[in-house]
Structures are given as structure tokens and as C-alpha cells.
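In our numbering, the protein residues as written are 9 to 276.
Heads up, the beta-carbon is just placed ideally off N, CA and C, and yes, glycines get one too.
Computed from a predicted structure; not experimentally measured.
Right, one structure below, let's go through it.
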């Protein structure tokens with residue numbers, strides 16, 4: 009089902025729909041920006057930053073008079089999109105990805121700032137058991153007891169998928185988990201909300217975007233994977249000053265509460 013809402017002047021949605029800004033890549037695909045007369049700045053970002061950017065949009069609009077249009081994908085996809093010639097004002101990826109783009113002249117390295125850090129979590133259906141996962145032993149038991157699990161397809165470049173596979177091997181349960189696991193691109197918790205799967209594994213911030221699921225919480229500290237996210241101004245930005253203003257807003261100390269409420273860690 010299509011869901012659509014106004015996003016500071018730019019149509020914004022979940023799923024596949026043709027709109028006048030970049031269609032969200034929640035299914036693992038990317039759609040080109042359409043030309044629009046609106047002066048929205050364009051942001052290529054991981055889905056994990058969606059909640060933060062939505063919350064900051066009113067303050068950004070008040071300061072600049074501009075809205076925000078977002079295109080989503082895993083951090084590696086953001087780099088690939090820019091290399092393929094996609095235009096944007098702001099690019100958000102890992103610090104390494106941003107550094108690569110800066111060396112290639114695609115983004116302004118001097119504008120780069122760490123804006124948040126991703127952490128991983130688990131979510132279950134509303135009618136599923138809701139176990140504690142605060143220790144390695146409890147986390148392992150929760151995975152084994154889940155009737156089915158879904159996580160991102162590693163082939164999409166998802167850092168959460170790669171780390172989860174590493175964790176299941178570390179816990180000695182890789183084969184058991186693989187037998188009941190579904191792989192999918194995009195925000196996998198939608199499959200839990202629909203009842204297709206019992207448990208979703210992904211970045212905590214991405215799980216928290218989905219209605220109809222119960223977020224169990226983050227991985228235990230000893231199994232956690234913290235992935236910084238950096239933002240930089242695209243060298244082809246149509247609105248470089250507004251792009252810098254958004255980056256400054258995302259990285260500002262007063263934004264810490266918004267970042268953490270969205271399931272991320274604030275920038276150090």
C-alpha cells in the first residue's frame with residue numbers, strides 16, 4: 009500500500025511511487041531525481057538518518073526557507089550513486105566513503121562532519137515473544153527461539169547484514185539461523201509488521217521507522233557494531249550554503265537528543 013505525506017514542501021513516501029523528488033530506495037532500488045520548481049535541497053543518505061532529518065526539517069526550513077528531498081540506500085550505495093553521476097547537495101555515508109569521494113573530487117572534504125553513529129538492533133512482531141537481549145546469552149537464546157528471521161541481503165552492501173552474519177558465527181549458531189532466515193533489500197521490519205517474519209535484524213534507527221513492530225533494543229555491547237556516518241557537501245551542489253547549514257544542524261550539540269531518539273548514537 010502506498011503511503012504519502014508532505015515533507016517540508018517536497019512529497020515524501022515509503023515504498024515505490026513516482027514523485028517529484030527521488031523515490032525512496034526502501035526496496036533496494038534507486039530512482040532518479042525529477043526536476044521540480046521547488047527549492048528543496050537534495051540529500052543522498054542511508055535510511056538510518058531519515059528520522060533525524062525529518063525532525064530537523066522544520067528548523068532547517070525556518071532558517072533557510074528550503075525543504076529537503078531524500079534518496080536512500082546503504083552507505084556503499086550512496087558512494088556508488090555519486091560516482092554514477094547522481095546530483096545532490098548533501099551526501100551521507102561512512103567517513104571512509106566520504107573520504108573516497110573527496111579524493112575523487114565528488115564532495116568537498118573540508119565540509120565533512122560525522123553527524124551520527126549507527127548501532128544494530130532487533131525487532132519482533134507485536135504478537136511475538138519479547139525476550140530480553142541485553143546479554144550475549146540472552147541475545148543468542150532470542151535468535152534461536154525466533155520462529156523466523158529477516159535481515160538485509162549482504163549483496164546490497166548492507167553493513168548490518170555483514171555484521172549479523174559475523175555475530176551468528178561468533179555465537180556458534182550460523183547454520184541454525186541461516187535455515188530460518190529470509191534476505192531482502194531495504195527496511196526489513198516491514199516484513200515483521202505484516203506477519204511474514206517474526207524477527208527483524210537491522211540498524212536500530214531503521215527498525216524504529218516501522219509501525220507495527222516491537223523494537224527489543226540494541227545488540228549487547230559486546231556484540232554491537234558502531235558505524236559512524238559522515239555528511240559532506242557535493243561539489244556539484246545547487247545550494248552549497250544550505251547544504252552546509254543542514255550538515256551543521258545535524259552535527260550540532262543541541263541535536264543530540266533528536267539523534268538518540270531516532271535510534272542512533274550522537275557524534276562523538
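query	result
Where residue 217 sits in the DSSP three-state scheme	coil
Start and end residues, beta strand (DSSP E) containing residue 191	189-192
Which of helix, strand or coil DSSP assigns to residue 120	strand
Residue 203 classed as buried or exposed, judged by whether at least 16 other C-beta atoms fall within 10 angstroms	exposed
Residue 51 versus 134, 115, 272, residue with shortest Cα-Cα distance	115
Residue of 59, 64, 69 minimising C-alpha distance to residue 262	64
Residue 155, DSSP secondary structure in three states	coil
DSSP three-state assignment for residue 43, whether helix, strand or coil	Note that residue 43 has pLDDT 38, beneath the 50 cutoff, so the model's placement of it is unreliable and the number below is only indicative. In the structure shown, residue 43 sits in coil (DSSP, three-state: anything other than H, G, I, E or B).
Bridge partner(s) assigned by DSSP for residue 267	Answer is none; residue 267 lacks a bridge partner.
Residue 228 versus residue 170: straight-line alpha-carbon distance, rounded	17 Å
C-alpha distance - residue 220 paired with residue 205, whole-angstrom precision	12 Å
Backbone CA spacing between residue 88 and residue 275 [nearest angstrom]	24 Å
Environment of residue 175 [buried if 16+ CB atoms lie within 10 Å]	buried
Proximal residues to residue 148 (C-beta, below 6 Å), its chain only, five neighbours per side dropped	179
Among 66, 165, 158, 74, nearest to residue 246 - alpha-carbon criterion	74
Alpha carbon of residue 66 to alpha carbon of residue 183, nearest angstrom	47 Å
Which residues DSSP lists as bridging residue 237, in chain order	124
Distance, residue 192 Cα to residue 210 Cα	11 Å
Local Cβ density within 10 Å of residue 153, reported as buried at 16 or more and exposed below that	exposed
Cβ-Cβ separation, residue 212 to residue 81 (assumed contact under 8 Å), whole Å	About 18 Å separates the two Cβ atoms, so there is no contact after all.
Nearest-angstrom Cα separation, counted from residue 54 out to residue 190	21 Å
Beta-carbon separation (whole angstroms), residue 242 vs residue 97, contact threshold 8 Å	6 Å
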